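In the working numbering, the protein residues as written are 70 to 515. Step one of this worksheet: look at the structure below.
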Amino acid sequence: MPAVSDVLDLSSSIDRVNPGELYRSAIEEVAESIAPVIAENRQYQKSRVFDRLLIPDRVIRFRVEWVNDAGGVEVNFGWRIEHTNVLGPYKGGLRFHPSVTEDTLHFLAYEQCFKNALTGQPIGGGKGGSNFDPKGKSDNEVMRFCQAFMRELYRHIGPSVDVPAGDIGVGGREIGFLYGQYMKITKQRDGVLTGKPMGLGGLLGRTEATGYGTVTFAEAMLKHADDSIEGKRVAISGAGNVALYAAELAMEKGAKVVSLSDSGGSVIFDKGMSGSQLEEMIDFKEVQRGRLKDWSGNGASFHAGERPWGLVDADVALPCATQHEVDTKDAKHMVDRGVKVVAEGANMPCTHSARGVFHDAGVLFGPGKAANAGGVATSCFEMHQNAAHDAWTKQRSLEKLHGVMIDIHEQCIANAPMVNGVVDYGVGADRGGFVKLADAIVAMGV
Ligand code: NDP
Ligand code: 2IT
């Protein structure tokens with residue numbers, strides 16, 4: 070297999086872009102995977118598709134000013150990175166979290182392009198957000214912030230141009246406020262955002278889609294290895310949209326969910342979470358917006374400041390919180406605790422060296438751009454529903470989601486080499502997504 074340095078001048082490509090740490094690690098990961106594909110294709114080399122994909126079509130950065138409940142003026146950054154629309158309108162979420170920087174959004178936008186390509190749907194890649202912190206803010210403050218954010222964003226988006234959605238800190242409440250402001254400013258009710266509340270044109274099944282898709286992907290990995298998810302112990306990090314619905318489907322499939330976490334610590338359910346505990350947890354986290362440290366349930370223990378991986382035995386790990394939450398030490402904990410399959414519900418939760426630990430231990434690893442693609446795939450169904458002025462049933466969207474996840478799993482297999490006797494899904498996903506993007510870039514000309 071050719072080394073990256075045989076086909077790409079990676080350091081000068083990277084110098085030209087001058088990425089931050091997160092974007093750099095995403096670029097390096099992809100470069101390693103796709104170097105052999107580029108080596109075999111003169112047209113990709115001649116058209117410089119790798120370099121062209123590193124620089125977004127445009128970066129929109131703006132000021133968001135709003136008034137808090139005490140009457141004080143607040144100022145935040147807002148961004149929308151329109152990475153590429155070569156396969157369809159820019160598509161990807163908005164993240165509201167105090168840690169958000171332009172670098173965070175660059176890596177997310179880049180990853181999104183590959184993920185969206187893998188879904189096989191006509192969607193390009195983008196990402197946006199703000200360093201606004203929704204925690205501890207009143208509903209009215211969140212509403213005023215969202216309205217101020219949309220006051221600028223509306224001029225850049227459109228149902229065939231750029232279609233944002235949710236991500237960390239942006240769920241149904243925020244999308245409702247953002248869309249309400251868009252409708253007031255533009256007079257359009259064209260479905261320009263996805264993940265909308267039902268009354269505003271949302272799609273049944275979108276709330277569950279990312280977590281359900283991740284479990285479907287993990288199940289497909291297990292099936293391919295002649296195993297099944299039934300009876301498995303599943304450790305999950307995060308306690309937000311992705312984590313909670315991953316827990317729901319895993320339990321429906323007969324698995325035991327043994328952990329959840331938030332930035333304050335982890336809750337361990339050594340005997341597995343019960344159906345009623347999950348129901349209470351969804352209300353506690355999604356409606357009451359509670360903290361795990363204040364949650365108590367039968368047979369559950371809270372561990373302040375700790376991630377779940379070293380605390381409990383598990384067969385399957387689903388990191389569903391945030392980027393680089395799993396480092397080498399965490400990965401070793403997982404292996405020591407019995408984990409055989411990792412599927413990323415979050416975007417790039419495992420560091421490059423954590424992935425190395427999984428490879429060396431023969432752990433099956435499903436990268437986020439494949440394993441969490443069910444959310445954006447279902448967003449595309451929402452676009453479909455809105456454009457056709459239709460109303461889909463939940464059964465229809467969940468069946469189609471299942472089909473997309475199985476298809477992505479097959480694409481990974483078709484493009485993946487075997488490493489230490491296991492399928493290298495990471496490489497398979499990068500190659501599968503890259504070829505679609507690269508062919509379209511070549512076809513488009515310069
Ligand atoms: P939510 O905001 O609903 O939940 C995020 C969860 O992760 C919370 O429990 C949060 O804890 C925890 N978390 C966030 N940041 C940190 C941190 N720095 N350290 C520890 N815990 C943290 O977001 P989602 O569930 O929507 O997103 C989770 C991940 O999934 C993200 O990586 C996102 O990009 C990815 N994703 C989301 C999709 C979607 O459709 N929503 C689709 C595909 C991927 P706390 O409340 O304490 O901050
Ligand atoms: O990372 C992601 O794929 C998302 N946050 C969902 C994007 C979308 O457009 O539904």
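Beta carbons: idealized from backbone N, C-alpha and C, even for Gly. All of these numbers come straight from a predicted model, not from anything done at the bench.
Query raised in the report: On the three-state DSSP scale, how would you describe residue 482?
Result: In the three-state DSSP reduction, residue 482 falls in the helix class (H, G or I).
Query raised in the report: So the alpha helix (DSSP H) residue 47 belongs to, where does it begin and stop?
Result: Past the edges of the chain, shown from 70 to 515, lies residue 47, and the structure says nothing about it.
**Report entry** Beta-carbon proximity list for residue 354, same chain, < 6 Å, skipping 5 on both sides
**Finding:** Once the five neighbours on either side are set aside, the close Cβ partners of residue 354 are 308.
Query - Given residue 365 as reference, the closest of 220, 346, 459 once Cα atoms are compared - result: Scanning 220, 346, 459 for the CA closest to the CA of residue 365 turns up 346.
Query raised in the report: What are the boundary residues of the beta strand (DSSP E) that includes residue 223?
Result: From DSSP, residue 223 is part of no beta strand (DSSP E); its letter is neither H nor E.
Query raised in the report: Using the C-alpha atoms, what's the distance from residue 397 back to residue 427?
Result: Each residue's Cα considered, the two are about 9 Å apart.
Query raised in the report: Just curious, the beta strand (DSSP E) that residue 525 is in, first and last residue?
Result: The first residue shown for the chain is 70 and the last is 515, placing residue 525 beyond what the model contains.
Query raised in the report: Hey, which unbroken runs of the alpha helix (DSSP H) at 4 residues or more fall wholly within the segment 153–188?
Result: List check, alpha helix (DSSP H) in window: 171–187.
Query raised in the report: Sorry if obvious, but does the Cβ on residue 215 come closer than 7 Å to a heavy atom of the ligand NDP?
Result: Distance from the C-beta of residue 215 to the nearest heavy atom of the ligand NDP is not below 7 Å.
Query raised in the report: Just curious, the alpha helix (DSSP H) that residue 286 is in, first and last residue?
Result: That run of the alpha helix (DSSP H) goes 275–293.
Query raised in the report: Is it buried or exposed for residue 403, if we count other Cβ within 10 angstroms and need 16 for buried?
Result: Counting of Cβ neighbours within 10 angstroms places residue 403 among the buried residues, the total reaching 16 or more.
Requested in this report: Compute the minimum distance between the beta carbon of residue 311 and the heavy atoms of the ligand NDP, and state whether it is under 7 Å.
Outcome: Answer for residue 311: yes, Cβ within range of the ligand NDP.
**Report entry** Proximity below 8 Å, CB of residue 242 to CB of residue 135
**Finding:** Taking 8 Å as the Cβ cut-off, residue 242 and residue 135 do not qualify as a contacting pair.
Requested in this report: Look at residue 198 and residue 182 and say whether their C-beta atoms are less than 8 Å apart.
Outcome: Here residue 198 is not near residue 182, since their CB atoms are 8 Å or more apart.
Report task. Please work out which residues of its chain come closer than 6 Å, Cβ to Cβ, to residue 377, disregarding the five sequence neighbours upstream and downstream, and give them in chain order. Result -> Taking residue 377 as the centre and dropping the five residues before and after it, the same chain places the C-beta of 304, 306, 328, 330, 335 closer than 6 Å to its C-beta, in chain order.
Query raised in the report: Should the segment 271–290 be regarded as contacting the segment 313–320, the criterion being three or more beta carbon pairs within less than 8 Å?
Result: Touching, yes.
Query raised in the report: If we call anything under 8 Å between Cβ atoms a contact, is residue 125 one with residue 71?
Result: No. Outside cutoff.
Query raised in the report: How about residue 497 and residue 484: do their beta carbons lie closer than 8 Å?
Result: When the beta-carbon positions are compared, residue 497 and residue 484 come within less than 8 Å of each other.
Query raised in the report: Which residues bound the alpha helix (DSSP H) around residue 241?
Result: Unbroken alpha helix (DSSP H) run through residue 241: 241–255.
Query raised in the report: So the alpha helix (DSSP H) residue 502 belongs to, where does it begin and stop?
Result: It spans 494–513 - the alpha helix (DSSP H) in which residue 502 sits, taken as one unbroken run.
Query - Residue of 140, 139, 165 minimising C-alpha distance to residue 147 - result: Comparing Cα-Cα distances from residue 147 to each of 140, 139, 165, the minimum goes to 165.
Query raised in the report: CB residue 417 to CB residue 286, shorter than 8 Å?
Result: The Cβ-Cβ distance between residue 417 and residue 286 does not fall below 8 Å.
Report task. Could you check what DSSP says for residue 458 in three-state terms: helix, strand or coil? Result -> Note: residue 458 maps to coil in three-state DSSP.
Query raised in the report: When every heavy atom of the ligand NDP is checked, does at least one fall within less than 7 Å of the C-beta of residue 331?
Result: Yes, the ligand NDP has a heavy atom inside 7 Å of this Cβ.
Report task. Below 8 Å on the Cβ atoms is my guess for residue 119 versus residue 82; work out the distance and round it to an integer in Å. Result -> Confirmed, about 7 Å.
Report task. Kindly indicate which residue of 261, 461, 434 has the alpha-carbon position closest to the one of residue 232. Result -> Nearest of 261, 461, 434 to residue 232, Cα basis: 261.
Report task. Tell whether a beta-carbon distance below 8 Å holds between residue 100 and residue 122. Result -> For residue 100 and residue 122, no; Cβs fall outside 8 Å.
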